[in-house]
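Enquirer:
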Amino acid sequence: MQIPFLDLQRELKDDYEKIMDRIERVVKSGWYILGQEKLEFEKKFASYCGVLNCVGVANGMEALQLIFQSYIELGELQKGDEVIVPANTFIATALAVSQCGLVPVFADCDEKTYNLSRATVEEKITSKTKAILVVHLYGQASAIDDLKELAEQHQLKLVEDAAQAHGAIYNETRTGALGDAAAFSFYPTKNLGALGDAGAITTNDATLAEMVRELSNYGSKNRYQYAHKGINSRLDEMQAAVLSLNLAKLDDNNNKRRDIARRYLSGIKNKKIINPSVNNFESHVFHIYAIRSSNREDLKKYLQEKGISTEVHYPKVIHKGNAYKEFATEKLPVSERLQHEVLSIPIFPSLTNEEVDYVVDTLNNW
Ligand SMILES: *Cc1c(COP(=O)(O)O)cnc(C)c1O
Numbered sequence: 065m066q067i068p069f070l071d072l073q074r075e076l077k078d079d080y081e082k083i084m085d086r087i088e089r090v091v092k093s094g095w096y097i098l099g100q101e102k103l104e105f106e107k108k109f110a111s112y113c114g115v116l117n118c119v120g121v122a123n124g125m126e127a128l129q130l131i132f133q134s135y136i137e138l139g140e141l142q143k144g145d146e147v148i149v150p151a152n153t154f155i156a157t158a159l160a161v162s163q164c165g166l167v168p169v170f171a172d173c174d175e176k177t178y179n180l181s182r183a184t185v186e187e188k189i190t191s192k193t194k195a196i197l198v199v200h201l202y203g204q205a206s207a208i209d210d211l212k213e214l215a216e217q218h219q220l221k222l223v224e225d226a227a228q229a230h231g232a233i234y235n236e237t238r239t240g241a242l243g244d245a246a247a248f249s250f251y252p253t254k255n256l257g258a259l260g261d262a263g264a265i266t267t268n269d270a271t272l273a274e275m276v277r278e279l280s281n282y283g284s285k286n287r288y289q290y291a292h293k294g295i296n297s298r299l300d301e302m303q304a305a306v307l308s309l310n311l312a313k314l315d316d317n318n319n320k321r322r323d324i325a326r327r328y329l330s331g332i333k334n335k336k337i338i339n340p341s342v343n344n345f346e347s348h349v350f351h352i353y354a355i356r357s358s359n360r361e362d363l364k365k366y367l368q369e370k371g372i373s374t375e376v377h378y379p380k381v382i383h384k385g386n387a388y389k390e391f392a393t394e395k396l397p398v399s400e401r402l403q404h405e406v407l408s409i410p411i412f413p414s415l416t417n418e419e420v421d422y423v424v425d426t427l428n429n430w
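Under the numbering used here, the first residue of the sequence shown carries the number 65, and numbering increases by one thereafter.
(1) Do the CB positions of Leu311 and Tyr112 come within less than 9 Å of each other?
(2) Regarding Leu249 and ligand 1, is the C-beta to nearest heavy atom distance less than 8 Å?
(3) Taking the beta carbon of Ile97 as the centre, do at least 16 other beta carbons fall within 10 Å, making it buried, or is it exposed?
(4) Work out the CA separation of Gln204 and His348 for me, nearest whole Å.
(5) What first and last residue would you give for the beta strand (DSSP E) that runs through Phe248?
(6) Can you grab the Cα-Cα spacing for the pair Leu5 / Leu307, in whole Å?
(7) Can you tell me where the beta strand (DSSP E) with Asp316 in it begins and where it stops?
(8) Span of the alpha helix (DSSP H) holding Thr157?
(9) Alpha carbon to alpha carbon, how far is Ile136 from Gln142? Give it in angstroms, no decimals.
(10) For Leu197 versus Ala160, is the C-beta distance shorter than 9 Å?
(11) Mind checking whether the beta-carbon of Lys254 lies closer than 8 Å to any heavy atom of ligand 1?
(12) Please confirm whether Ile131 and Ala247 have their CB atoms less than 9 Å apart.
(13) Of all the alpha helix (DSSP H) runs that stay within the bounds of the region 102–186, which reach a length of 4 or more residues?
(14) Does the separation of the CB atoms of Ala291 and Gly283 fall below 9 Å?
(15) Can you tell which of Trp430, Gly371, Leu309 and Ala171 has its C-alpha closest to the C-alpha of Val185?
(16) Below 8 Å, is the gap between the Cβ of Phe154 and the nearest heavy atom of ligand 1?
(17) Bridge partners of Glu375, per DSSP?
(18) Given 8 Å as the limit, tell me if Gly124 has its C-beta closer than that to any heavy atom belonging to ligand 1.
(19) Grab the span of the alpha helix (DSSP H) containing Val91 for me, first residue to last.
(20) Excluding the five sequence neighbours on either side, which residues of its own chain have a C-beta within less than 7 Å of the C-beta of His404, listed in chain order?
(21) Return the residue from the list Glu346, Pro68 and Gln100 that minimises the CA-CA distance to Ala304.
(22) So, using beta-carbon positions, are Tyr328 and Val420 closer together than 9 Å?
(23) Using the beta-carbon count (16 or more within 10 Å), is Lys194 buried or exposed?
(24) For Val147 and Ile87, what's the separation of their Cα atoms in angstroms?
(25) Could you tell me whether any non-hydrogen atom of ligand 1 is closer than 8 Å to the CB of Val306?
(26) Any idea if Val91 is buried or exposed, counting beta-carbon neighbours within 10 angstroms, 16 or more meaning buried?
(27) Spatial neighbours of Gly257 within its chain, please: CB distance less than 7 Å, with the 5 preceding and 5 following residues excluded, ordered by chain position.
(28) Where does Tyr288 land, buried or exposed, given buried means 16+ other C-beta within 10 angstroms?
(29) Can you list, in chain order, the residues of its chain with a C-beta nearer than 6 Å to that of Asp210? Leave out the 5 residues immediately preceding and following it.
(30) CB Ile355 to CB Ile372, shorter than 9 Å?
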């Protein structure tokens, strides 16, 4: 059996006609940037997340960047301020901080959840720390209660990188509404994906949302009047239309991912493999299902021979990569161990029970 890591063609098949209709509507409208489709999606996504404001932007990294740039324009952060970020994440998390002239401070992750924890963040707080950028890694909401307490105690902004966690619920609150502001990516492979690059920010802070809106459009609120040095980072009408359609399926798709995760969790029984730890299925949307093994490379090769495609998220912690070599002496033992042990196995809504069972049996026979 051949099992791809992700098959977007298969994911799209049932909705092909609906998507083509929507695209045709946009094409025929003659209006492609900053129009009704974007406004409609922003309204829907804000309401889905349970926040007052959503602003569509061009991608997830710029969503993060625009949040921090807005805080700087609003005088709430200053260049040179420190932002605590996990070392075990996709590089865009750190890049967004650096691009704004802020200083990323890498923190280790919790051994069980692979997310930031009170302990790993607390040891990194200095007098220069002004924000925590928390990533809900693999789709599992972080321990927000603890981090919120820390943020309040030290007067720090709490920003979510929710690029992997659309729809996850922590204590009855969805990601996107858990901190002061949140950034989402709608890269095609994410739980909520577009047919190209796309992203958004969500927040209850209307002033922040307005600033993100301005900065994302060259820093102008009114045409040809530029109050700030902005960028061009806009969600286009075609992607917004597709996202409105896909948003309607998000909960269903997340539940399908959860069902697969349940099958994996109860089925995979091999002493050489560690399953992820899941506290609460509602708080996890399983963007990625990462198992662990001290013999990861052998396992990856074995699965490939059996037709099962896998990925590694992530093969290098950020502070050990060339882009951030100035942080190379930093020691974050849990993150550094994980980079050698984690292996992501296929998990996407249209995976069949037969395919999931084949993955389970193959893993158990290793
Ligand atoms: C995908 C991702 C991003 C970046 O999103 P893009 O839309 O690709 O720019 C940022 N952070 C995390 C954790 C991601 O998984």
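Heads up, the beta-carbon is just placed ideally off N, CA and C, and yes, glycines get one too.
Computed from a predicted structure; not experimentally measured.
Expert: So, to answer that:
(1) yes
(2) According to the sequence shown, residue 249 is Ser rather than Leu. Answer for Ser249: yes, Cβ within range of ligand 1.
(3) exposed
(4) 4 Å
(5) Ala245 to Ser249
(6) Residue 5 lies beyond the stretch modelled for the chain, which goes from 65 to 430, so this question has no answer here.
(7) Segment Leu314 to Gly331 is the alpha helix (DSSP H) holding Asp316; no beta strand (DSSP E) there.
(8) Ala156 to Gln163
(9) 6 Å
(10) yes
(11) yes
(12) yes
(13) 124–137, 156–163 and 182–186
(14) yes
(15) Ala171
(16) yes
(17) Ser408
(18) yes
(19) Tyr80 to Ser93
(20) Arg360
(21) Gln100
(22) yes
(23) buried
(24) 40 Å
(25) no
(26) exposed
(27) Phe250, Tyr251 and Asn310
(28) exposed
(29) Arg182
(30) no
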